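In this note's numbering, the protein residues as written are 54 to 380.
What follows is the structure in structure tokens.
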């Protein structure tokens, strides 16, 4: 993502993950595809106007897939995901981890010094392979380059690259000073727009520790999960967003990637609800350029249909907010 975009008022983007289509999952696992899988690929290809999507259908009709064909199917899945987000109207897009296994597992797979110890439940019936550190940690090979090279060749909007941070691989909570030190060491000497995702926590606990993360240009934070579904822009109407006042006061003035979509439910937020959440945040910050608009977290917990409708209403709500603010 270009550094110029981080000053765009009410910038919209996703957070990271999308669900993987059944045809992508089954093909990669070497399982037979059903007619329903093929119809899903056809209907989304047609709706999203994916170029040459009949070629994918022809490929998927094969009974078995070589390593090269599996990689090609992954790239098709990436292209579909990009087109879904672009069609929904997002300013900044990503492919929803279509070429990755899982955010923790993918990083560990490309590193030395880890040994897998079994599966851990992430959410619902989703699991990932948990590893223990058994030796010095080092990068086995750069593992974002090939993914980014492909995505930038086919994306029609600005791109971002989610990177699983060192602290996230180690733990999810508690050691805030270690988390901050890890972030600062990871980005030292680099010139880019760095964002940090904080999700489903008591965000008050991050203060004052994150006051030291001066190279973090955006915090992407989930709030909709805690908020009312009623309309309104008062403090009482927006109980899930009260902590944003603390983000406003951070001395290095990062943008707030404000979660307005609850990713734990199929409830489709109305454009008017998104509008009011955005207007409330702009009122608190006093600067629309410091407010970016996102889902609470990655949308991999939802079907593509639900994710698409949520994202479309998110961008529609942002447009309503722009009009109200004369932007």
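By construction, the Cβ of each residue, glycine as well, lies at the ideal position given by its N, Cα and C atoms. Every value quoted in this text rests on a predicted model; they were computed, and no experiment measured them.
Cβ separation of residue i and residue j, assumed to be a contact under 8 Å, to the nearest whole Å
i           : j           : result
residue 380 : residue 334 : The Cβ separation is near 14 Å, so there is no contact.
residue 390 : residue 164 : No information on residue 390 is available, as it lies outside the stretch 54 to 380 that the chain covers here.
residue 370 : residue 337 : Contact flag wrong, Cβ pair sits at about 17 Å.
residue 67  : residue 347 : 7 Å
residue 309 : residue 297 : 6 Å
residue 58  : residue 374 : With 8 Å as the limit, residue 58 and residue 374 do not qualify as a contact, their Cβ atoms being about 18 Å apart.
residue 303 : residue 241 : That belief does not hold up - the Cβ atoms of residue 303 and residue 241 are roughly 19 Å apart, past 8 Å.
residue 134 : residue 151 : 5 Å
Element boundaries [beta strand (DSSP E), containing residue i]
i           : result
residue 321 : It is not in any beta strand (DSSP E) - residue 321 carries neither H nor E in the DSSP assignment.
residue 359 : From DSSP, residue 359 is part of no beta strand (DSSP E) but of the alpha helix (DSSP H) over 357-378.
residue 311 : 308-312
residue 273 : 269-274
Residue i (DSSP reduced to helix, strand or coil)
i           : result
residue 189 : strand
residue 246 : coil
residue 169 : strand
residue 205 : helix
residue 344 : strand
residue 352 : strand
residue 134 : helix
residue 69  : coil
residue 259 : helix
residue 214 : coil
residue 183 : strand
residue 327 : helix
residue 164 : strand
residue 291 : coil
residue 78  : helix
Own chain residues within Cβ distance below 7 Å of residue i, not counting five before or after
i           : result
residue 366 : 321, 322, 323, 324, 327
residue 314 : 277, 322, 348, 349, 363, 367
residue 229 : 259, 262
residue 301 : 337, 338
Segment limits, alpha helix (DSSP H) that includes residue i
i           : result
residue 109 : 106-113
residue 300 : 297-301
residue 91  : 88-100
residue 233 : 229-240
residue 277 : Counting along the chain, residue 277 falls outside any alpha helix (DSSP H), and DSSP gives it neither H nor E.
Residue i beta carbon near the ligand SAH (any heavy atom closer than 6 Å)
i           : result
residue 185 : Here there are no bound small molecules, and the ligand SAH is not part of this structure.
Residues near residue i by beta carbon distance below 6 Å, same chain, minus five either side
i           : result
residue 76  : 86, 90, 94, 113
residue 159 : 153
residue 136 : 101, 103
Own chain residues within Cβ distance below 8 Å of residue i, not counting five before or after
i           : result
residue 161 : 167, 169, 182, 184, 222
residue 126 : 76, 77, 80, 81, 109, 112, 113, 118
residue 292 : 279, 280, 281
Review point. Is the region 176-193 touching the region 91-102, taking contact as three or more C-beta pairs under 8 Å?
Key: no
Review point. For the region 201-220 against the region 139-153, are there 3 or more C-beta pairs whose distance is under 8 Å?
Key: yes
Review point. Does the region 235-251 touch the region 266-282, meaning 3 or more C-beta pairs lie closer than 8 Å?
Key: yes
Review point. How about the region 131-141 and the region 357-366: do they share at least three Cβ pairs that are nearer than 8 Å?
Key: yes
Check your understanding: Pairing CB atoms from the region 276-292 with CB atoms from the region 83-90, are three or more of them under 8 Å?
Key -> no
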